[in-house]
Amino acid sequence: MSIPDVIRCAYAELVVTDLAASRAFYVDVLGLVVTFEDDDAIHLRAFEEYLHHSLVLRRGDTAACARLAYRVRTPGDLDLAEAHHRALGVRVERVPAGATRGIGEAVRVQDPLGFPIEFFHDAEHVERFTRRYDVHGAGAISRLDHFNVVTPDVPAAQRYYEGLGFTVSEDIEDAAGTVYAAWLYRKATVHDVALTGGDGPRLHHIAFATHERSQILHICDHLGALRQSDRIERGPGRHGVSNAFYLYLRDPDGHRVEIYTHDYYTGDPDNPVVRWDVHDNQRRDWWGTPVVPSWYAEASTVLDLDGVPVAPQERTEAREADVTIGADGFSYTRPDEGFKLGAQV
Numbered sequence: 075m076s077i078p079d080v081i082r083c084a085y086a087e088l089v090v091t092d093l094a095a096s097r098a099f100y101v102d103v104l105g106l107v108v109t110f111e112d113d114d115a116i117h118l119r120a121f122e123e124y125l126h127h128s129l130v131l132r133r134g135d136t137a138a139c140a141r142l143a144y145r146v147r148t149p150g151d152l153d154l155a156e157a158h159h160r161a162l163g164v165r166v167e168r169v170p171a172g173a174t175r176g177i178g179e180a181v182r183v184q185d186p187l188g189f190p191i192e193f194f195h196d197a198e199h200v201e202r203f204t205r206r207y208d209v210h211g212a213g214a215i216s217r218l219d220h221f222n223v224v225t226p227d228v229p230a231a232q233r234y235y236e237g238l239g240f241t242v243s244e245d246i247e248d249a250a251g252t253v254y255a256a257w258l259y260r261k262a263t264v265h266d267v268a269l270t271g272g273d274g275p276r277l278h279h280i281a282f283a284t285h286e287r288s289q290i291l292h293i294c295d296h297l298g299a300l301r302q303s304d305r306i307e308r309g310p311g312r313h314g315v316s317n318a319f320y321l322y323l324r325d326p327d328g329h330r331v332e333i334y335t336h337d338y339y340t341g342d343p344d345n346p347v348v349r350w351d352v353h354d355n356q357r358r359d360w361w362g363t364p365v366v367p368s369w370y371a372e373a374s375t376v377l378d379l380d381g382v383p384v385a386p387q388e389r390t391e392a393r394e395a396d397v398t399i400g401a402d403g404f405s406y407t408r409p410d411e412g413f414k415l416g417a418q419v
C-alpha cells in the first residue's frame, strides 16, 4: 500500500483557558503574527510563514493539545493517509475544507499512539513577513520547527512514523538496547517530531525556529523586563542532540514552547544516525547544565477526536529521568569505559 507523502509538521492547536493571557504571551512577548482572531480562537503564524497559521489557540475549560497537523504534498495524499490509517485500525475522519479556518479538506486520525493528528494539503495563503523588518522586533521567530510527544513505547512510536516515511536522525539508548527517545524528520532538518519515553500520550512541546541565537537571548531579556522570567523553564543552552541552541518556556496554561536555532541539514539519503548513550549528560545539554525535573515529568494532556482527554498509559521500561536525576546532582556521568559523544551509525 502506498503511503502519504508528508512534507513537514505544519500546525498545532492548543486549548487555553484564558485567551487574553495567551495572546499576551504568544503575540506581545514571542511576537507571532495574528492572522485571525475572535472571541473563541486566535490563529497565529511566524514571520516567514505564508500558510494561514502554524498555531491555533482555542478557548476551553481545560488546557490541552487538540491537534497536531502535518502537510502532505498533494490532495491525493489525503486518500492515501485515510487508507493507511484505516488499515491500521485506528479512528479516521474525513473533514471538509474550513473545518479549521484557513485549512482545506483534511484527514483526522487518532493515531496508534493516541494522538489527534491531521493531514492536509490545501491552505489559505497570507502575507509572508520575511522582509517586514519594520515589525520583526529583536526576537523575531521564523517558523514552526517540530513537535515533541511523550509516549510509553518509543520503538512502537518510531515504527508508526517510519511507516509514514519519516527517518530517524538521532536517538538515545543504553547498553541493554532500551530506547529512551528518538528524533525523526521529513523536511531536511533534525526533526519534525521527537519521541520522548514517558507516560503518554502527552504533548511535551511545540518548537519554533529563529535565525540567530541573539533572538533567543532577546526573548529572555524581554521576559526579564516584564518580570516574567518564571516563564523560562530551561535554558538558554545548546543541545547535544540536534546541536541546536534552545530555550524552553511555559505559557500561561503550562504548555511548553521551545525556541530553537542552529540545527543541521539532513537531506542527503545517507544521512547518518547519531546515537547517544543515555548516561552521557551532554546529550540534553552540551554545556552540562542541569535538566530541571519538570522537563521530564510534566507535559500537556491530549484530546481525542471528540475533544475528550486521553488517559496516559504508564511507561514500563526505564525512564531517562531515572538516569539523569540522581545523587550526582545532574553532573556528568563518565563510565569507566568511556563513550563516544553522539556516535554516528
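When you number the sequence shown by our numbering, it's gap-free, plus one each residue, and the end is 419. C-beta atoms are modelled at their ideal positions from N, C-alpha and C, and glycine is treated no differently.
Answer with yes or no whether the minimum CB distance from Arg308 to chain C is below 7 Å. The chain labelled as chain C is not found in the depicted structure, where only one protein chain is given.
Could you pull the DSSP bridge partners for Tyr85 from this structure? Ala143
Taking the C-alpha atoms as reference points, what is the distance between Cys139 and Asp359? 27 Å
Segment contact, 8 Å Cβ cut-off, at least three pairs: the stretch 249–266 with the stretch 320–332: no
Taking the alpha carbon of Gly381 as the reference point, which residue from Thr390, Arg133, Asp342, Asp396 has its own alpha carbon closest? Arg133
Between Thr340, Asp151, Val107, which has its C-alpha nearest Ser243's C-alpha? Thr340
Can you give me the start and stop residues for the alpha helix (DSSP H) that Ser288 sits inside? 287–299
Candidates Gly150, Glu391, Ala84: closest to Gly272 by CA position: Glu391
Buried versus exposed, by CB contacts within 10 Å (16 or more), Ala86: buried
Output yes or no for whether 7 Å exceeds the beta carbon distance between His199 and Tyr144. no
The stretch 289–302 contacting the stretch 332–346, beta-carbon criterion three pairs below 8 Å: yes
On the criterion of 16 or more Cβ atoms from any shown chain inside 10 Å, does Ala438 qualify as buried, or is it exposed? Only positions 75 to 419 of the chain appear in the structure, and residue 438 is not among them; the question remains open.
Which residue spans inside the stretch 156–212 form an unbroken alpha helix (DSSP H) run of at least 4? 207–210
C-beta atoms of Pro482 and Ala155 nearer than 7 Å: What the structure shows of the chain is the stretch from 75 to 419, and residue 482 is not part of that stretch, so it cannot be assessed.
What would DSSP say about Val101, mapped onto helix, strand or coil? helix
Decide if Gly188 is buried, meaning its Cβ has at least 16 other Cβ atoms within 10 Å, or exposed. buried
Reference Asp351, options Gln302, Asp327, Glu394, Asp342, closest by Cα: Glu394
Assign Arg276 to one of three DSSP states: helix, strand, or coil. strand
Go ahead and pull the three-state DSSP assignment for Gly309. strand
Would you call Ala299 buried or exposed, if buried means 16 or more other Cβ atoms sit within 10 Å of its Cβ? exposed
Helix, strand or coil for Leu93 per DSSP? helix
With a cut-off of 8 Å, do at least 3 Cβ pairs link the stretch 210–217 to the stretch 177–195? no
Minimum C-alpha distance to Leu277 - residue among Asp354, Pro383, Glu179, Val348: Pro383
From the DSSP secondary-structure annotation, give me the bridge partner or partners of Tyr254. In the DSSP output, where bridge partners are listed per residue, Tyr254 has none listed.
Kindly provide the ranges of any alpha helix (DSSP H) runs that are 4 or more residues long and lie completely inside the stretch 294–378, ordered along the chain. 367–371
Expressed to the nearest angstrom, what Euclidean distance is found between the alpha-carbon atoms of His158 and Pro149? 15 Å
Count the other CB atoms, across all protein chains shown, that sit within 10 Å of the CB of Pro367; report buried if there are 16 or more and exposed otherwise. exposed
Return the chain-ordered list of same chain residues with a C-beta closer than 7 Å to the C-beta of Tyr234, the five sequence neighbours on each side being excluded. Asp185, Pro186, Leu187
If you reduce the DSSP assignment to three classes, tell me which class Leu118 lands in. strand
Ser374 versus Ala268 - alpha carbon distance: 15 Å
Distance between beta carbons of Ala281 and Asp19, contact taken as under 8 Å: In the structure as shown, the chain starts at 75 and stops at 419, and residue 19 therefore has no counterpart that could be examined.
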